[in-house]
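Protein chains: 2
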Amino acid sequence: MAGAATNHRILLRGRPAGIPTPDLFEADTVPVQAPGPDEVLLETLYLSIDPAMRGWMSEGGSSYHRPVPLGEVMRGGGIARVLESRAPEHNPGDLVQARLGWQSHPTIPARFLQKVDTTRGDALAWIGPLGLSAVTAYFGMRDIGSVRPGERVLVSAAAGGVGQIAAQIGRIEACRVAGIAGGPEKCSFLRNDLRLDAVLDYKAENDLAAAIGRACPDGIDLYFDNVGGETLDAALLHLRPGARVVLCGRISQVNVQKPYGLRNVGQLGAKQARMQGFQVFAYNPRYEEARAWLAARHADGQLRQRLHILEGLHHAPAALGMLFRGENTGKLVVRVGG
Amino acid sequence: MAGAATNHRILLRGRPAGIPTPDLFEADTVPVQAPGPDEVLLETLYLSIDPAMRGWMSEGGSSYHRPVPLGEVMRGGGIARVLESRAPEHNPGDLVQARLGWQSHPTIPARFLQKVDTTRGDALAWIGPLGLSAVTAYFGMRDIGSVRPGERVLVSAAAGGVGQIAAQIGRIEACRVAGIAGGPEKCSFLRNDLRLDAVLDYKAENDLAAAIGRACPDGIDLYFDNVGGETLDAALLHLRPGARVVLCGRISQVNVQKPYGLRNVGQLGAKQARMQGFQVFAYNPRYEEARAWLAARHADGQLRQRLHILEGLHHAPAALGMLFRGENTGKLVVRVGG
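From first to last, the protein sequence lines are chains A and B.
With the working numbering applied, the first sequence covers 62 to 399.
With the working numbering applied, the second sequence covers 62 to 399.
Right, dumping it as structure tokens:
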């Protein structure tokens with residue numbers, strides 16, 4: 062435990078109005094807490110930075126999670142290494158996945174830890190193509206979206222954490238996949254690295270509905286939406302009969318006072334289409350199914366994920382702002398240790 | 062064929078802007094057309110007046126139907142009696158269901174007719190609890206809505222053609238059913254005749270969302286929507302986890318230039334809920350399933366339908382306006398003959 066005597070933490074100090082700013086957080090240090098019976102002391106390796114965290118910061122919390130109390134460690138999930146264990150199922154050196162919080166050396170009851178199978182991938186794989194964003198994309202595309210071979214798929218925020226995986230699942234399932242992203246760099250990644258069939262840079266378009274029509278000339282069977290608002294409204298105009306709209310995220314709407322009013326929902330009736338939201342946590346009993354599928358596709362090289370890694374826990378407070386401004390190029394991750 | 066030498070018709074003469082007005086139609090008479098081989102001459106008994114007809118009158122038509130050409134007989138479905146048949150499967154005196162058009166004595170190819178089983182109900186039953194509105198409610202509640210016993214159901218336009226049946230299906234399936242309607246007369250019908258568990262008069266409420274909260278104090282598992290717009294937006298605020306929203310109709314939106322912007326669709330994500338539209342015509346191969354179920358419930362007295370019957374084909378041009386202004390008390394029907 063040399064060098065691990067101090068736990069570096071980042072506490073939530075204020076509630077956001079709009080995009081979260083670094084001044085809402087405060088760093089401190091406390092002594093590492095020795096594990097009690099059935100507890101484990103961990104070294105945080107990577108923290109995942111996700112849009113859902115915005116809800117956890119608000120007074121009301123999100124639908125399924127109470128808000129993070131002011132003055133407490135910011136909630137966040139990631140990958141850690143076991144340093145010291147008083148739980149028989151965890152041994153020093155093991156990798157685990159957990160709600161670690163924004164801290165370098167959490168001490169956590171063993172029942173909150175999920176073991177990481179390193180034969181399937183290393184720590185970076187488990188934050189990326191085997192991580193919770195990827196599991197979210199898996200259930201969104203397959204269970205909620207009922208993706209079928211040969212369909213026309215559109216993914217928004219397609220260069221983001223969930224979007225990259227959703228788009229690749231579409232390709233793996235033999236679909237024609239179009240992706241929406243902001244700026245030439247992300248679009249180039251989607252076109253040249255992920256090999257999507259069509260790419261739309263929303264920042265370069267005045268008429269989003271017309272642009273989606275060009276990117277999806279035969280319409281959309283499955284729209285995987287990470288954005289909401291105007292993008293969703295425009296996509297609804299291009300649904301094919303029997304289409305499914307997967308409401309995975311709504312990053313355009315989480316920081317606004319007045320939500321966008323969707324005018325094209327009537328298309329669901331005209332096209333006999335369905336629109337469905339979900340929370341990945343409800344699929345917890347089936348995570349292993351998703352991981353087995355994702356690991357197999359990762360192993361054979363069909364599935365990967367570009368990460369945007371910020372080096373050091375001190376970057377975490379500014380990371381959420383980057384995410385909501387779309388400044389990350391790839392799934393956003395903070396590297397804490399290891 | 063005494064007295065049947067003349068076919069009274071109503072032709073479409075103009076395209077509507079807003080709620081259809083009687084001046085868009087013109088009455089004429091033509092000689093009855095003798096049936097050719099495999100054709101049948103019919104006497105129209107009842108015509109059903111439905112919101113979907115508004116779409117058929119427009120330049121663009123509706124999603125699944127081309128527009129009625131100007132100068133042609135207005136499209137409309139109903140129940141008729143066979144007067145003269147050159148098709149072996151139809152005999153004089155038989156009842157049939159068909160797209161008769163707004164005319165007293167259509168001559169129609171036999172392949173477009175559906176036989177009416179009078180052991181299940183008379184002509185009025187076949188326009189009401191066994192008719193296409195009822196079949197629509199059946200598939201909406203059961204297939205699209207996945208209604209389950211004990212659930213909390215909300216139906217809008219619950220005194221209307223489809224709404225009455227949807228609400229009763231909810232009751233038959235052992236659900237707690239709340240209904241929305243406009244004005245004390247319709248609400249009294251829902252409360253005292255259909256015995257709904259809660260009734261909301263939207264015309265008497267300033268805050269629709271709060272009123273739905275009072276009518277559905279434990280939230281909504283299944284919202285059967287015939288209205289769209291503001292009512293749908295308000296209902297979305299009260300969804301329970303796993304809720305289904307059935308988009309059956311959007312009568313509030315079909316005559317407006319600028320559709321209402323839905324602000325609460327994000328609730329689908331928060332509540333892991335789905336919203337789905339449908340067109341009953343897609344269920345054509347399964348109509349018999351619906352009719353068998355509806356006929357059994359009709360026979361044992363669990364299912365009925367209040368009709369609002371206008372006497373005479375000359376009322377048809379004004380009937381659509383009544384429908385969209387909510388002036389009908391019950392499913393709107395024009396009695397033509399019989």
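Where a beta carbon is used, it is the ideal one built from N, C-alpha and C, also for glycine.
Beta-carbon neighbours of residue i, restricted to chain A and to distances below 8 Å
i        : result
B/Pro320 : Arg324, Asn325, Gly327
B/Gln314 : Gly327
Amino acids of chain A, ordered along the chain, whose beta-carbon sits closer than 7 Å to that of residue i
i        : result
B/Leu308 : Leu329, Gly330
Three-state class that DSSP yields for residue i in the structure shown
i        : result
B/Thr82  : coil
A/Arg142 : strand
B/Gly97  : coil
B/Asn68  : strand
B/Leu364 : coil
A/Pro378 : helix
A/Ala259 : strand
A/Gln175 : strand
A/Asp254 : helix
A/Arg352 : helix
A/Pro190 : coil
A/Gly387 : coil
B/Arg213 : strand
A/Thr292 : helix
B/Glu87  : strand
A/Arg181 : coil
A/Arg347 : helix
B/Ile241 : strand
B/His359 : helix
B/Leu73  : strand
A/Ile233 : helix
B/Gln225 : helix
A/Val317 : coil
B/Leu323 : strand
A/Gln340 : coil
B/Leu269 : helix
B/Gly196 : According to the sequence provided, residue 196 of chain B is Val. The question's Gly does not apply to it. Helix, per DSSP.
B/Leu131 : coil
B/Leu297 : helix
Partner residues on chain B for residue i, Cβ-Cβ distance less than 7 Å
i        : result
A/Gly289 : Gly327
A/Arg203 : Within 7 Å Cβ-Cβ: nothing; A/Arg203 doesn't reach chain B, min ~15 Å.
A/Arg311 : Gly327, Gly330
Beta-ladder partner(s) of residue i, from DSSP
i        : result
B/Arg305 : B/Leu283, B/Arg335
B/Ile107 : The amino acid at residue 107 of chain B is misidentified as Ile; the sequence shows Tyr. DSSP output for B/Tyr107 lists B/Ile140, B/Arg396 as bridge partner(s).
A/Glu45  : Since the displayed chain A opens at 62 and closes at 399, residue 45 of chain A lies outside it and no answer follows.
A/Gly116 : A/Gly116 is not bridged to any residue.
A/Gln158 : A/Ile140, A/Gln175
A/Ile169 : A/Val101
B/Ala278 : Sequence check: residue 278 of chain B is Pro here, not Ala. In DSSP, B/Pro278 forms no bridge with anything.
Under 8 Å from the C-beta of residue i: neighbouring residues of chain B
i        : result
A/Ala343 : Gln333
A/Gln175 : Going along chain B, no residue has its Cβ under 8 Å from A/Gln175, so there is no contact; the nearest lies around 22 Å.
Whole-Å CB distance - residue i paired with residue j, under 8 Å assumed
i        : j        : result
B/Pro410 : B/Trp117 : The question about residue 410 of chain B has no answer, for chain B in this structure spans 62 to 399.
A/Ala171 : A/Pro210 : Not quite, the Cβ-Cβ distance comes to about 42 Å (not below 8 Å), so this is no contact.
B/Leu293 : A/Leu308 : With a Cβ gap of about 16 Å, B/Leu293 and A/Leu308 do not count as contacting.
A/Val223 : A/Asn287 : 6 Å
A/Phe86  : A/Arg76  : At roughly 12 Å, the Cβ-Cβ gap does not stay under 8 Å, so A/Phe86 and A/Arg76 are not in contact.
B/Gly382 : B/Pro81  : 6 Å
B/Ile312 : B/Ala218 : 6 Å
A/Leu255 : A/Val208 : Not confirmed; about 16 Å, so no contact.
A/Gly338 : A/Gln314 : Rounded, the Cβ-Cβ distance is 13 Å, inconsistent with contact.
B/Val394 : B/Tyr107 : 5 Å
Minimum Cβ-Cβ distance from residue i to chain C less than 8 Å
i        : result
A/Pro128 : This model lacks chain C altogether; the protein chains it does include are A and B.
*the stretch 170-181 of chain B / the stretch 246-259 of chain B touching (three or more Cβ pairs under 8 Å)*: no
*Is there contact between the stretch 345-353 of chain A and the stretch 196-214 of chain A, where contact requires at least three CB pairs shorter than 8 Å?*
yes
*Meets three-Cβ-pair contact criterion under 8 Å: the stretch 87-98 of chain B and the stretch 134-151 of chain A*: no
*Quick one: any contact between the stretch 70-79 of chain A and the stretch 159-173 of chain A, if contact means 3 or more CB pairs under 8 Å?*
yes
*Looking at C-beta atoms only, is the number of pairs between the stretch 367-375 of chain B and the stretch 384-395 of chain B that lie closer than 8 Å three or more?*
yes
_Under 8 Å: do the stretch 236-245 of chain B and the stretch 262-274 of chain B share three or more Cβ pairs, one atom per stretch?_
yes
*Do the stretch 269-288 of chain B and the stretch 284-302 of chain A meet, that is, are 3 or more Cβ pairs less than 8 Å apart?*
no
*Is the stretch 138-157 of chain B touching the stretch 210-221 of chain B in the sense that three or more CB pairs, one from each, lie closer than 8 Å?*
no
*Pairing CB atoms from the stretch 319-336 of chain B with CB atoms from the stretch 315-331 of chain A, are three or more of them under 8 Å?*
yes
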